[in-house]
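Peer 1: Just dropping this structure here.
In mature numbering (1 follows the signal peptide of the UniProt record, and there is no 0), the protein residues as written are -22 to -1, 1 to 171.
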């Protein structure tokens, strides 16, 4: 079960990366004009105005996983934030509105230390967004009973707005099946439960 939980968390992280590449397309950050309301991007995502959605079919036989992971991201220009919803087989696993400048930490429980309420957290900070790149810094912290016991600065990064396609970068083409959603004319739906 612990390995399945790990694979689910990794899948959600990959989905967030995929959705962020959707938002990196200049047309998805601006309201689309003309007769065409939806913009289907090359990476399998669909954007309508400031809302983007992506779905990935995840098949990992070794871990007995056959699931559809979907992510919807809405850019909130007035709040300089984003609304993110992640689903796993139509069940909402993450639904938050966060600041793009200083998002809350992303924490994952450590299964071996559940009794101590131990988490490993990734904190992104000093984030900025320009037309050419994303800039940010990251640190990893270990929390026990919600108190930080160890913090390690990972460093800072600059991500160009037009990076290589994520599936080429990770070479996971055999795992991801985007054909099912390739020609949809709407954002993949999220069912709130």
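All C-beta atoms in this analysis are idealised placements derived from N, C-alpha and C, irrespective of residue type, glycine included.
1) For residue 79, which of helix, strand or coil comes out of DSSP?
2) Among the residues of its own chain, which have a CB less than 7 angstroms from the CB of residue 137, if the five just before and after it don't count?
3) To the nearest angstrom, how far is the alpha carbon of residue 73 from that of residue 26?
4) What is the rounded straight-line gap between the Cα of residue 37 and the Cα of residue 68?
5) Out of curiosity, what's the CA-to-CA distance linking residue 133 and residue 101?
6) Are residue 98 and residue 86 close, meaning C-beta to C-beta below 7 angstroms?
7) Using 8 angstroms for Cβ pairs, my map puts residue 47 next to residue 33. What's the rounded Cβ distance?
8) Do you know how far the Cα of residue 84 is from the Cα of residue 64?
9) In the DSSP assignment, find the beta strand (DSSP E) that holds residue 92 and state where it starts and stops.
10) Exposed or buried, residue 53, counting other C-beta atoms within 10 Å across all chains shown (16 or more means buried)?
11) Thinking C-beta only, is residue 119 closer than 7 angstroms to residue 129?
12) To the nearest angstrom, how far is the alpha carbon of residue 35 from that of residue 49?
13) Going along the chain, which residues of its own chain have a beta-carbon closer than 6 angstroms to the beta-carbon of residue 126, five neighbours each way excluded?
Peer 2: In short, the structure shows the following:
1) The answer is coil: DSSP assigns residue 79 none of H, G, I, E or B.
2) These residues qualify, in order along the chain: 111 and 112.
3) Inter-residue distance for residue 73 and residue 26 is about 19 angstroms (C-alpha atoms, whole angstroms).
4) Roughly 16 angstroms separates the two Cα atoms.
5) Going from the Cα of residue 133 to the Cα of residue 101 covers about 11 angstroms.
6) Yes.
7) Rounded to whole angstroms, the Cβ separation of residue 47 and residue 33 is 7 angstroms, and the two are in contact under 8 angstroms.
8) Those two C-alpha atoms are separated by around 14 angstroms.
9) Segment: none, residue 92 is in no beta strand (DSSP E) and carries neither H nor E.
10) Of the residues assessed, residue 53 falls on the buried side of the cut-off, its CB having 16 or more other CB atoms within 10 angstroms.
11) Yes, they are a contact pair.
12) Each residue's Cα considered, the two are about 12 angstroms apart.
13) Within the same chain, residue 126 has close Cβ partners 119.
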